[in-house]
Structure formats: structure tokens, C-alpha cells
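Residues 42 to 129 (this note's numbering) make up the sequence shown, in order. We put the beta carbon where it would ideally sit given N, CA and C, even for glycine. Every value quoted in this text rests on a predicted model; they were computed, and no experiment measured them. Before any comments, here is the structure.
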Amino acid sequence: MRDISVEADFDTLFKCVSLVNAARQTAKLKRRWPLRTVVVVAPENVTKVLQSVEDLFLEMTTLKASNMPPQLRSTRKTKAGSPQSKTK
């Protein structure tokens, strides 16, 4: 018996762990040394998944805490430099 939603949550978790590890490698911060905190800026569905499995996320990434700020308003700048909301 498979629970598709749990599998999807763990796929999201593993992708985020991979991104954290890649960022650490780029910054030359080895995984054996715990970091104080990480700021996760991601879509709301990703942050909800990470909040639900936060203990596992922190353990897998050798972090002491995570900070998931509310979703930032998505804007882009036009050539003139003024912000413009994304519309479809």
C-alpha cells in the first residue's frame, strides 16, 4: 500500500536537502559542521512540506534551525526599472 502524498512530501524533502548540500559545497562549508540557520525562500507548498518534516530536514542537512519567511510578492522590473506585477 502506497501513500502518494507522503511520497511527494519526501521527494520535496530530498530535493531541498540536495539544494542545501549543493549550496554548502559551493560555499565550501562541509556537512560535518552544523550551521546555525538556513533561510528557505520557496513556494508556499514547499514550505508547508518542510515545516511538516522540519526535524528530519534539520537532521539531514546538519542545521540547528530553519527560517521560512512568508511568501514574498513576486515582481519583476521593466527596462525602465519600475516594478511590474506578473500577469498572464
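Residue interval of the beta strand (DSSP E) (run including residue i)
i, result
"A68", "That residue, A68, is in no beta strand (DSSP E); it is neither H nor E in DSSP."
"F77", "According to the sequence provided, residue 77 is Arg. The question's Phe does not apply to it. That run of the beta strand (DSSP E) goes 76-80."
6 Å CB neighbourhood of residue i in its chain, flanking five on each side removed
i, result
"F51", "none"
"T103", "R72, P75"
"R43", "none"
Nearest neighbour of residue i, chosen from the options [CA to CA]
i, options, result
"S46", "A83, A63, V87", "V87"
"P84", "E100, P110, M42", "P110"
"E100", "D44, V58, K69", "V58"
Distance between beta carbons of residue j and residue i, contact taken as under 8 Å
i, j, result
"T67", "N108", "Not quite, the Cβ-Cβ distance comes to about 20 Å (not below 8 Å), so this is no contact."
"V81", "L97", "No, V81 and L97 are not in contact; Cβ-Cβ is about 14 Å, not under 8 Å."
"L54", "V94", "5 Å"
First through last residue of the alpha helix (DSSP H) which encompasses residue i
i, result
"V90", "85-93"
Sequence-distant residues of the same chain with beta carbon closer than 8 Å to residue i, five excluded per side
i, result
"N62", "R72, T102"
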